[in-house]
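Undergrad: Before I ask anything, let me first share the structure, which is written out below as structure tokens.
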Amino acid sequence: MPNIVLFSGSSHHDLSQKVADRLGLDLGKVITKKFSNQETCVEIGESVRGEDVYIVQSGCGEINDNLMELLIMINACKIASASRVTAVIPCFPYARQDKKDKSRAPISAKLVANMLSVAGADHIITMDLHASQIQGFFDIAVDNLYAEPAVLQWIRENIPEWKNCIIVSPDAGGAKRVTSIADRLNVEFALIHKERKKANEVDRMVLVGDVKDRVAILVDDMADTCGTICHAADKLISAGAVKVYAILTHGIFSGPAISRINGAPFEAVVVTNTIPQEEKIKQCPKIQDSGFLSHKLTLMSISAQDQQSCQPVKGMIKSWLLSLCRRLHGPMMRRHWLLVGACGWVLLVLMFVSKFINFTFRMPDDYGGRVEMLNWTFPSVKTEKAQLEQLVQKADSQPSPVSSDSPAEDELSNWETVTIRRLQLLSSVCRNSSLWNLTHTPLRKFVLDRIFVCDKHKILFCQTPKVGNTQWKKVLIVLNGKFSKVEDIPENMVHDHERNGLPRLSSMSDSEITERLNKYFKFFIVRDPFERLISAFKDKFVQNPRFEPWYKHSIAPAIIRKYRKSHRDTGHAAGLHFEDFVRYLGDEPGRQYLDRQFGDHIIHWLTYTELCAPCNISYDVVGHHETLEHDAPYILRAAGIGGLVTYPSIPPGITRYNRTKVERYFSGISKRDVRHLYARYQGDFGLFGYRRPDFLLD
191 MPNIVLFSGS
201 SHHDLSQKVA
211 DRLGLDLGKV
221 ITKKFSNQET
231 CVEIGESVRG
241 EDVYIVQSGC
251 GEINDNLMEL
261 LIMINACKIA
271 SASRVTAVIP
281 CFPYARQDKK
291 DKSRAPISAK
301 LVANMLSVAG
311 ADHIITMDLH
321 ASQIQGFFDI
331 AVDNLYAEPA
341 VLQWIRENIP
351 EWKNCIIVSP
361 DAGGAKRVTS
371 IADRLNVEFA
381 LIHKERKKAN
391 EVDRMVLVGD
401 VKDRVAILVD
411 DMADTCGTIC
421 HAADKLISAG
431 AVKVYAILTH
441 GIFSGPAISR
451 INGAPFEAVV
461 VTNTIPQEEK
471 IKQCPKIQDS
481 GFLSHKLTLM
491 SISAQDQQSC
501 QPVKGMIKSW
511 LLSLCRRLHG
521 PMMRRHWLLV
531 GACGWVLLVL
541 MFVSKFINFT
551 FRMPDDYGGR
561 VEMLNWTFPS
571 VKTEKAQLEQ
581 LVQKADSQPS
591 PVSSDSPAED
601 ELSNWETVTI
611 RRLQLLSSVC
621 RNSSLWNLTH
631 TPLRKFVLDR
641 IFVCDKHKIL
651 FCQTPKVGNT
661 QWKKVLIVLN
671 GKFSKVEDIP
681 ENMVHDHERN
691 GLPRLSSMSD
701 SEITERLNKY
711 FKFFIVRDPF
721 ERLISAFKDK
731 FVQNPRFEPW
741 YKHSIAPAII
751 RKYRKSHRDT
761 GHAAGLHFED
771 FVRYLGDEPG
781 RQYLDRQFGD
791 HIIHWLTYTE
801 LCAPCNISYD
811 VVGHHETLEH
821 DAPYILRAAG
831 IGGLVTYPSI
841 PPGITRYNRT
851 KVERYFSGIS
861 KRDVRHLYAR
871 YQGDFGLFGY
881 RRPDFLLD
């Protein structure tokens, strides 16, 4: 089977490197230079004989030079006996010259297609073609990927008022694009009809649709001089739109584009990274790297977000299999068939013997004699997580009532001191700017969905799993007046928020959300991160008392397929093992595809930072499950409801930290896997004062 070799052209090396990192590959060696007469010279620095070559070159910058460089690279690989050459062209050059719109006009996009085919390209991968008919210009396979999934995700996560938005096309040609996005968001759409005096100059614009008192989102495939989108933004504001966003696949931004963007009434101009934008950011003082909505330009990565990208991968596998079949039937392969047959017999013998003799190809670990597979690799822990580790160790050097053990008796006499120290620790970790990525999360709908509102007594409670949140919800239901006593609330009513009188904060308007976050009493409960994950695993995959079969029949098989080291029967119970669960949670970069596939079902395993945003919301009390006997009455008193309701009785010892259970569950897991799990949840340990589990890590 051919190997993948990935080369980068000169146009967008950063995108090529991100693709290589995503695939776990190194970029191929290639040298590009120009002779004194400006001819392009390309030298491929490694063998590509029989390999599957991918060349990434976007149609931007010095377009003609970059196009010629791509053609030469394709031809160089083809005549060097590459098995297959795929040109990855995120922004297709000359895409706007796709038809003969007047006499003696060229169809330059067709010419480019012919040049790529003649150079030797076997496959083209591009993104959001300006005109879909360009695919018909080729006699080879063309995959046109779409930015729509990334656009939908960005809108939902970054525009709070997206449910009151309207998707607008700046011209009639983009009507199909905006209707598709509007249908997926379940909102309305509008379009603007424009007439041009000449290229890059708009004469007149007519709005078709009602944008009054709505958030208008302009969507287009590309923006060059930005005259169209800036005129469109002015038109939308004059028609009554409250805000205007622009989302573009290809941000060319030539000529006066940057000055026009600065003068236009945009909340944000969002572009994908099909074209490098570093120079544009330097040219404009309003453009910064952080990507907040207050800045004029925001970069949106397109790496691996589009499900359409599966299609070229399937085609690539099909091509590999066909190539393999051709090779295996050649006369030169007969001796290799004999070798393969001999190896097969050896493997069969080893599989039979392994039933009676326990031997492995493993490397000893220094933790309790545990061994690790040699082929299981992980990324290194980030420097910022090491800084967080120092803060945790500093907190551990002083007596702390927030550890996994119960607090001392003298500290229980003044529980307010305990809660103040917890908040001080939380504040000190949150203020560390180098730990921003570990401790801060956007206040998106996902977080607001976790917060429940008691308007009658001005209380907000953020629900976190496996900490007795059902009992707290019962308390708030009683306080809202739906029931008179906690004991009267049916179990099936607790989580039915349309009937129990306990609304989510996300169901309210922006002004109502802001008012409650600023004025109401806010609290949530945390638990030792590792013990919470054990409880979630038992609840969802072992005991499953709430009849949620999708945990077993959907999520568990996917985790097993990706993270189980050996699928041979080991005598364990059927289904997901805790070891598989730990590997999945610790592999933060590798499990992103599974997380998107699982959706909201993974909320029980997220960190407290992602669930309740403690560094973005100023909570009045952070209770601990291990000391709930003291935290519960204190929270009721601090919220001013101590005499109105009582927290349900807590069975003795049920909340105490169980180190024996933690050791038992982690005893069969390699120390390396535990370290990566700790790196994933290190923010929770540091923010809430839980001690580092040295007995597992060292």
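For the sequence shown, our numbering begins at 191 and goes up steadily by one. We treat Cβ as the ideally placed atom computed from N, Cα and C, and that holds for glycine. Computed from a prediction, not measured in an experiment: that's the story for all the values here.
Where does Asp770 sit, in a helix, a strand or coil, going by DSSP?
TA: Asp770: helix per DSSP, three-state reduction.
Undergrad: In angstroms with no decimal places, state the Cα-to-Cα distance between Ser696 and Leu650.
TA: Straight-line Cα distance between these residues: approximately 12 Å.
Undergrad: So for Pro823, helix, strand or coil by DSSP?
TA: helix
Undergrad: In whole angstroms, what separates the C-alpha of Gln247 from that of Leu638?
TA: Cα to Cα, the separation comes out at about 42 Å.
Undergrad: Give the C-beta separation of Val232 and Thr222 to the nearest angstrom, bearing in mind that I take them to be a contact with Cβ-Cβ under 8 Å.
TA: 5 Å
Undergrad: Looking at C-alpha atoms only, which residue of Asp414, Thr462, Gln325, Arg450 is the closest neighbour of Ser444?
TA: With distances taken between Cα atoms, Ser444 lies closest to Asp414.
Undergrad: Is Glu469 helix, strand or coil by DSSP?
TA: helix
Undergrad: Hey, how far is the Cα of Ala372 from the Cα of Phe379?
TA: About 6 Å.
Undergrad: Could you tell me which of His202, Ala266, Val275, Cys250 sits nearest to Asn193, measuring between CA atoms?
TA: Residue Val275 is the option with its Cα nearest to Asn193.
Undergrad: So what's Cys533 in DSSP terms, helix, strand or just coil?
TA: helix
Undergrad: Cβ of Ser359 within 7 Å of any heavy atom in the ligand FMN?
TA: Summarising the ligand content, the structure contains no ligands, and the ligand FMN is consequently not present.
Undergrad: List, from N- to C-terminal side, the beta strand (DSSP E) runs of 3 residues or more that fit wholly inside the region 626 to 694.
TA: For secondary structure counted as the beta strand (DSSP E) over 3 or more consecutive residues, the region 626 to 694 holds these complete runs in sequence order: 641 to 644, 649 to 652.
Undergrad: Taking all protein chains shown into account, decide if Leu518 is buried (16 or more other Cβ within 10 angstroms of its Cβ) or exposed.
TA: At Leu518 the pLDDT is 43, less than 50, meaning the model places this residue with poor confidence; the figure from the coordinates comes in the next sentence. Here Leu518 is exposed. Its C-beta has fewer than 16 other C-beta atoms within 10 Å.
Undergrad: From this set, Arg689, His685, Phe768, Arg751, which residue's C-alpha is nearest Phe720's C-alpha?
TA: Measuring C-alpha to C-alpha distances from Phe720 to each of Arg689, His685, Phe768, Arg751 identifies Phe768 as the nearest.
Undergrad: Consult DSSP for Tyr783 and reduce its assignment to one of helix, strand or coil.
TA: helix
Undergrad: Indicate whether Asp718 and Tyr847 have their beta-carbon atoms separated by less than 8 Å.
TA: yes
Undergrad: Trp662: buried (16+ other C-beta within 10 angstroms of its C-beta) or exposed?
TA: buried
Undergrad: Take Val243 and list the residues in its own chain whose beta-carbon comes closer than 6 Å to its own, dropping the five residues that flank it on each side.
TA: Val195, Cys267, Ala272, Val275
Undergrad: Residues bridged to Lys384 by DSSP?
TA: Met395
Undergrad: Could you check if Leu537 is buried or exposed, using at least 16 other CB atoms within 10 Å of its CB as the buried criterion?
TA: Leu537 is exposed by the Cβ-count criterion.
Undergrad: Closer than 8 Å is the cut-off here; do at least three beta carbon pairs connect the region 767 to 784 with the region 854 to 870?
TA: With a cut-off of 8 Å, the region 854 to 870 and the region 767 to 784 count as touching, because enough Cβ pairs lie within range.
Undergrad: Ends of the alpha helix (DSSP H) at Ser725?
TA: In the DSSP assignment, Ser725 falls within the alpha helix (DSSP H) that extends over 719 to 727.
Undergrad: Only counting the same chain, and skipping five residues up and downstream in sequence, which positions put a Cβ closer than 8 Å to that of Ile724?
TA: Here the set comprises Phe768, Lys851, Val852, Tyr855.
Undergrad: Just to confirm my understanding: we take Asp770, look at its own chain, exclude 5 residues before and 5 after, and list those with CB closer than 7 Å. What are they?
TA: Ile749, Ile750, Tyr753, Arg754
Undergrad: Just mark Pro455 as buried or exposed, buried being the case when its beta carbon has 16 or more other beta carbons within 10 Å.
TA: exposed
Undergrad: Does DSSP classify Glu351 as helix, strand or coil?
TA: coil
Undergrad: Which residue or residues does DSSP assign as beta-bridge partners of Thr316?
TA: Ile279, Asn334
Undergrad: I'd like to know whether the C-beta of Ile234 is nearer than 8 Å to at least one C-beta of chain D.
TA: No chain D appears in the structure shown, which is made up of a single protein chain.
Undergrad: What distance in whole Å lies between the Cβ atoms of Thr418 and Asp889, which are believed to be in contact at a cut-off of 8 Å?
TA: Residue 889 falls outside the range modelled here, since the chain spans only 191 to 888, and no answer is possible.
Undergrad: Assuming Thr629 and Cys620 make a contact with CB atoms under 8 Å, what is their CB distance in whole Å?
TA: 5 Å
Undergrad: If you drop the 5 nearest sequence neighbours on each side, which residues of the same chain put their C-beta closer than 7 Å to that of Gly858?
TA: Glu769
Undergrad: By the DSSP assignment, the alpha helix (DSSP H) with Met263 in it spans what residues?
TA: The continuous alpha helix (DSSP H) containing Met263 extends over residues 253 to 269.
Undergrad: Quickly, what does DSSP pair Ile831 with across the bridge? List them, please.
TA: Answer is none; Ile831 lacks a bridge partner.
Undergrad: Residues in its own chain within less than 7 Å of Phe788 by CB, not counting five upstream and five downstream?
TA: Ile745
Undergrad: What residue ranges within the region 424 to 474 form continuous beta strand (DSSP E) runs of no fewer than 3 residues, ordered along the chain?
TA: 433 to 441, 458 to 462
Undergrad: Below 8 Å between beta carbons: does that hold for Gln325 and Asn334?
TA: The Cβ-Cβ distance between Gln325 and Asn334 falls below 8 Å.
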